[in-house]
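One structure below.
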Amino acid sequence: MLHIECPWCGFRDDAEFHYGGEAHITRPDPSTTLTDEKFSEYLFSKTNTKGLLLERWCHRSGCRRWFNVLRNTITNEILEVYPVTEKPSSKQGKETYERNWRRKSPPKKTPKTDEVK
Amino acid sequence: MIEKREKAKSRTSTHKENKYSLFSLAKNAVSKHKNWSQAWRSPELKPEYDIVVIGAGGHGLATAYYLAKEHGSKNIAVIDKGWLGGGNTGRNTTIIRSNYMWDESAGIYEHSLKLWETLSHELNFNTMFSQRGVLTLAHTEHELKEMTRRVEAIRLNGIDSEVLSPRAIKQIVPIIDINPQLRYPVMGGFIQRRGGTARHDAVAWGYARAADQLGVDIIQNCEVTGFNIKKGAITGVKTVKGEIKANKVGCVVAGHAGVVAEMAGFRLPIDSRPLQALVSEPIKPILDTVIMSNSVHMYVSQSDKGELVLGAGADSYNSYSQRGSLNIIEGMLAAAVELFPVFSRLRMLRSWGGIVDTCPDASPIISKTPVKNLYFNCGWGTGGFKATPGSGHVFADLIAKDEPNSIAAPFSLDRFVGGYLIDEHGAAGVAH
Numbered sequence: 003m004l005h006i007e008c009p010w011c012g013f014r015d016d017a018e019f020h021y022g023g024e025a026h027i028t029r030p031d032p033s034t035t036l037t038d039e040k041f042s043e044y045l046f047s048k049t050n051t052k053g054l055l056l057e058r059w060c061h062r063s064g065c066r067r068w069f070n071v072l073r074n075t076i077t078n079e080i081l082e083v084y085p086v087t088e089k090p091s092s093k094q095g096k097e098t099y100e101r102n103w104r105r106k107s108p109p110k111k112t113p114k115t116d117e118v119k
Numbered sequence: 086m087i088e089k090r091e092k093a094k095s096r097t098s099t100h101k102e103n104k105y106s107l108f109s110l111a112k113n114a115v116s117k118h119k120n121w122s123q124a125w126r127s128p129e130l131k132p133e134y135d136i137v138v139i140g141a142g143g144h145g146l147a148t149a150y151y152l153a154k155e156h157g158s159k160n161i162a163v164i165d166k167g168w169l170g171g172g173n174t175g176r177n178t179t180i181i182r183s184n185y186m187w188d189e190s191a192g193i194y195e196h197s198l199k200l201w202e203t204l205s206h207e208l209n210f211n212t213m214f215s216q217r218g219v220l221t222l223a224h225t226e227h228e229l230k231e232m233t234r235r236v237e238a239i240r241l242n243g244i245d246s247e248v249l250s251p252r253a254i255k256q257i258v259p260i261i262d263i264n265p266q267l268r269y270p271v272m273g274g275f276i277q278r279r280g281g282t283a284r285h286d287a288v289a290w291g292y293a294r295a296a297d298q299l300g301v302d303i304i305q306n307c308e309v310t311g312f313n314i315k316k317g318a319i320t321g322v323k324t325v326k327g328e329i330k331a332n333k334v335g336c337v338v339a340g341h342a343g344v345v346a347e348m349a350g351f352r353l354p355i356d357s358r359p360l361q362a363l364v365s366e367p368i369k370p371i372l373d374t375v376i377m378s379n380s381v382h383m384y385v386s387q388s389d390k391g392e393l394v395l396g397a398g399a400d401s402y403n404s405y406s407q408r409g410s411l412n413i414i415e416g417m418l419a420a421a422v423e424l425f426p427v428f429s430r431l432r433m434l435r436s437w438g439g440i441v442d443t444c445p446d447a448s449p450i451i452s453k454t455p456v457k458n459l460y461f462n463c464g465w466g467t468g469g470f471k472a473t474p475g476s477g478h479v480f481a482d483l484i485a486k487d488e489p490n491s492i493a494a495p496f497s498l499d500r501f502v503g504g505y506l507i508d509e510h511g512a513a514g515v516a517h
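Listed in order, the protein sequences are those of chains A and B. To convert a position in the first sequence, counted from 1, into our numbering, add 2. To convert a position in the second sequence, counted from 1, into our numbering, add 85.
See below:
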């Protein structure tokens, strides 16, 4: 059972919260240059780290507000809670933010195999 | 000539010794079962293999077995970071069925179910496959209608399925409460009579033994730490026991597919989450089929030992901790007691968690990857056990031929770019 500190309501059981997945994903511009690969990456590619992960939570059964969390997915330890509009401020949080592939290399293409008939 | 004959004789005699039969049982009974030969070797890791399969679970061992048997590959290793069958193969609730709605899913799960039906003979190992039927309940009018529509789709694919009334369900499962006044009344259900359960460990052990007899090296405690990739093609695997050269690498690491993909430099559309299960104290036979319910969210069967095996949905958040939240178990048990009031005084013996790799469309990935000669079989989510033989069979085909066959092709990675998603949330959301 996770014990999550909502910035407005304090510590509560995770049963009260809704998980929003990875934080800091930017929707690409819907321009004519937007490729299927790029949009697929935005929609489906996951960070899914074994270790520190920046993620979104919503206090669904409480104040119903969203906030961001830095959590270790091996130990479930929560290291930082911060507002959705901001970047993490702790050292580990900053490192995790910078290390993320979304802010680094361009995506690699998936190979084309036979299309479904 | 004599030498030749002796050689042939010794080969048949070892083969006979290794074959499990009534005769070998009687023979070993005489020596009080102290002289059984080991079911598989523990070979030293060789520096080079034609094919390396990462992950010695059911799917990985099945892959190696079919590669050796059907594709004549001689030089294969299966490596695992822990012990054989110690991951999700040893942690699931062993439910087997093929009643999926979409043609693509029906293709692979029915292929698998057909292999299950002859697997014990094929492997000469009793997998304790029991076709006791899988019965899914409907608790609302809408659910029953949707279920009926799904049953028709399933039957069009030649897979057995039939809708049952509450009265017919009560006949099959006398202990169920079909009182219409319940918060979630049983309004009907559908059954696949060819579905059932199998002994999870026996599946891993059976494939391991059969693959070993075909010359496959199974290397345990050999964690992968990276890959050697040259000009976009795989050349070897780095492990804690040293580097292995390999022409082809198949990766079947449920729970850690994302981690291993990152080592190879690409990302998967996978979230890894805890899935919990638990068993009760053993009781006398009370339930001889598998019951599943999507609305009240639980599934239950009784093992041959008499324990009730219960499971529910995965936890909502990503985690590699192999443990989940208690509220999931509370919800699962509340649902079980609502349907079966007779369970209310049962004590639970133990609970555990595994890490499941879930895809956005609740369907697996059996695919080539951006790295040439590196193949991934992953993303089975909460329901991979039922697919063990079929998954290994088509994955072996993909590795051997470098092209997916018609069953595996729809499950390639590029479906997430092309948009050909196989949305099985309705069928796979709960049933594992």
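Quick reminder that beta carbons are idealized off the backbone N, C-alpha and C, glycines included. All values derive from a computational prediction rather than experimental measurement.
Could you please give me the residues that DSSP links to V385/B through a beta bridge? I376/B, L395/B
Do G469/B and L200/B have their C-beta atoms closer together than 8 Å? no
Just confirm the distance between the C-beta atoms of L249/B and I276/B, as a whole number of angstroms; I'd bet it's less than 8 Å. 6 Å
Excluding the 5 residues flanking C463/B on each side, which residues of the same chain have their C-beta closer than 6 Å to its C-beta? A342, D442, I450
How should F108/B be labelled, buried or exposed, when 16 other C-beta atoms within 10 angstroms of its C-beta is the threshold for buried? exposed
Here's the rule I'm using: 16 or more other beta-carbon atoms within 10 Å means buried, otherwise exposed. How should P489/B be labelled? buried
Evaluate I260/B with the Cβ neighbour count: other Cβ atoms within 10 Å of its Cβ, from every protein chain shown; 16 or more gives buried, anything less gives exposed. exposed
Comparing the C-beta of E117/A with each C-beta of chain B, is any distance below 8 Å? Unreliable placement is indicated for E117/A, whose pLDDT of 42 sits below 50; no coordinate value is reported for it.
Beta-carbon proximity of Q141/B to I303/B, cut-off 8 Å: Before going further, note that residue 141/B is Ala rather than Gln in the sequence given. Contact flag set, yes.
S205/B in three-state terms, based on DSSP: helix
Smallest Cα separation from Y405/B: which of I27/A, M3/A, T75/A? T75/A
Give, in chain order, every residue of the stretch 329-356 of chain B whose Cβ lies closer than 8 Å to some Cβ of chain A. H341, G343, V344, G350, F351, R352, L353, P354, I355, D356
For the stretch 386-413 of chain B, list every residue whose C-beta sits within 7 Å of some C-beta in chain A, in sequence order. S401, Y402, N403, S404, Y405, S406, S410, L411, N412
Nearest-angstrom Cα separation, counted from K457/B out to G327/B: 22 Å
Which residues share a DSSP beta bridge with G335/B? V138/B, Y460/B
According to DSSP, K166/B sits in a beta bridge with which residue or residues? Beta-bridge pairing links K166/B to no other residue.
Would A121/A count as contacting chain B if we go by Cβ distances under 8 Å? A question about residue 121/A goes unanswered here, because the residues of chain A that appear run from 3 up to 119.
According to DSSP, simplified to helix, strand and coil, what is N74/A? strand
Of all Cβ atoms in chain A, is any one closer than 8 Å to the Cβ of G514/B? The predicted position of G514/B is uncertain, since its pLDDT is 44 and thus under 50; a value taken from the coordinates is nonetheless stated next. By this cut-off, G514/B is not an interface position.
List the residues that DSSP assigns as beta-bridge partners of I180/B. T282/B
Range of the contiguous alpha helix (DSSP H) that encloses L483/B: 473-486
CB of T148/B within 8 Å of CB of A420/B, strictly: no
Using a C-beta to C-beta distance shorter than 7 Å, which residues of chain B count as neighbours of K52/A? V344, Y405
Euclidean distance between Cα positions of L241/B and R235/B: 10 Å
Give the single residue among K330/B, A397/B, V422/B whose Cα lies nearest to the Cα of I413/B. A397/B
Unbroken stretches of the beta strand (DSSP E), 3 residues or longer, contained in the stretch 54-101 of chain A: 54-60, 68-74, 80-84
What are the residues of the stretch 444-478 of chain B that lie near chain A, defined by any Cβ-Cβ distance shorter than 8 Å? P445, S452, K453, T454, P455
Give me the chain A residues within the contact set of V325/B, using Cβ-Cβ distance strictly less than 8 Å, ordered along the chain. The premise fails here: V325/B is roughly 16 Å from chain A at the closest Cβ pair, so nothing lies under 8 Å.
Counting along the chain, where does the alpha helix (DSSP H) carrying Q256/B start and finish? 251-257
Tell me, please, whether the stretch 314-325 of chain B touches the stretch 211-221 of chain B by the rule of three or more beta-carbon pairs shorter than 8 Å. no
Consider the Cβ of I27/A: report whether some Cβ of chain B lies at a distance smaller than 8 Å. no
Counting along the chain, where does the beta strand (DSSP E) carrying T310/B start and finish? 309-315
Given a cut-off of 8 Å on the beta-carbon distance, is the pair T174/B and V394/B in contact? no
Under 8 Å by Cβ, that's how I've got I355/B and K48/A pegged, so tell me the actual separation to the nearest angstrom. 6 Å
So A289/B packs on L169/B, CB below 8 Å; how close in whole Å? 6 Å
Against chain A, with Cβ distances strictly below 8 Å, would F501/B count as a contact? yes
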